[in-house]
Amino acid sequence: MTKEMFSEKYLTYKVMVFQISYAYLRNIEDAEEATLDSFMKFYKSTKKFQSVNHEKNYLIRVTINTAKDYLKKIKALPLNEEVHGVYDDNGELDKHYVWAVVDELEGKYKDVIYLRYTADLPYKDIASILKISEAPARKYHEIAIKTLRELIGGNYA
Numbered sequence: 459m460t461k462e463m464f465s466e467k468y469l470t471y472k473v474m475v476f477q478i479s480y481a482y483l484r485n486i487e488d489a490e491e492a493t494l495d496s497f498m499k500f501y502k503s504t505k506k507f508q509s510v511n512h513e514k515n516y517l518i519r520v521t522i523n524t525a526k527d528y529l530k531k532i533k534a535l536p537l538n539e540e541v542h543g544v545y546d547d548n549g550e551l552d553k554h555y556v557w558a559v560v561d562e563l564e565g566k567y568k569d570v571i572y573l574r575y576t577a578d579l580p581y582k583d584i585a586s587i588l589k590i591s592e593a594p595a596r597k598y599h600e601i602a603i604k605t606l607r608e609l610i611g612g613n614y615a
């Protein structure tokens, strides 16, 4: 990959990669570092891509793995210790609380929620990234939403 091609891909995907990193790490500085590391791994990759979508899915997978590696390194405190209430000042369900609850989900369920709501991906792409078929991706999403509703105690998810 040439430097020009890489620059173009960086400009195209930097926001998405940062959002995914931040969704996992919940810290701007760590998310910025993970974003840069993800792009460096992507740049160094010798993988040949069949399509733009294949390339994007590969970058998302690299980003998720990088963010998970960061979590292992920094041994982040559970986010729900930082949460002070379920509702914000407007009486709305606090999104930080919701994401803290998402962080408590089992890995496969958490991954589907992050990909669906932070990267805005369809089930087909989620399935490709997680190396599962589309039916389990949909089922994981359904189970995750049901679990979130139970944990939060309402129909907010």
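Count along the sequence shown from 1, add 458, and you get the number used in the numbering used here.
We put the beta carbon where it would ideally sit given N, CA and C, even for glycine.
Being a predicted model, the structure only gives us computed values, none of them experimental.
Beta carbon of residue i nearer than 9 Å to that of residue j
{"i": "residue 473", "j": "residue 496", "result": "no"}
{"i": "residue 604", "j": "residue 592", "result": "no"}
{"i": "residue 573", "j": "residue 590", "result": "no"}
{"i": "residue 602", "j": "residue 567", "result": "yes"}
{"i": "residue 467", "j": "residue 513", "result": "yes"}
{"i": "residue 571", "j": "residue 563", "result": "yes"}
{"i": "residue 517", "j": "residue 556", "result": "no"}
{"i": "residue 493", "j": "residue 503", "result": "no"}
Span separating the alpha-carbon of residue i from that of residue j
{"i": "residue 486", "j": "residue 596", "result": "30 Å"}
{"i": "residue 600", "j": "residue 608", "result": "12 Å"}
{"i": "residue 482", "j": "residue 558", "result": "10 Å"}
{"i": "residue 465", "j": "residue 490", "result": "17 Å"}
{"i": "residue 508", "j": "residue 529", "result": "31 Å"}
{"i": "residue 511", "j": "residue 598", "result": "22 Å"}
Residue-chain proximity (residue i, chain C), Cβ-Cβ < 9 Å
{"i": "residue 604", "result": "You won't find chain C in this structure, because it holds only one protein chain."}
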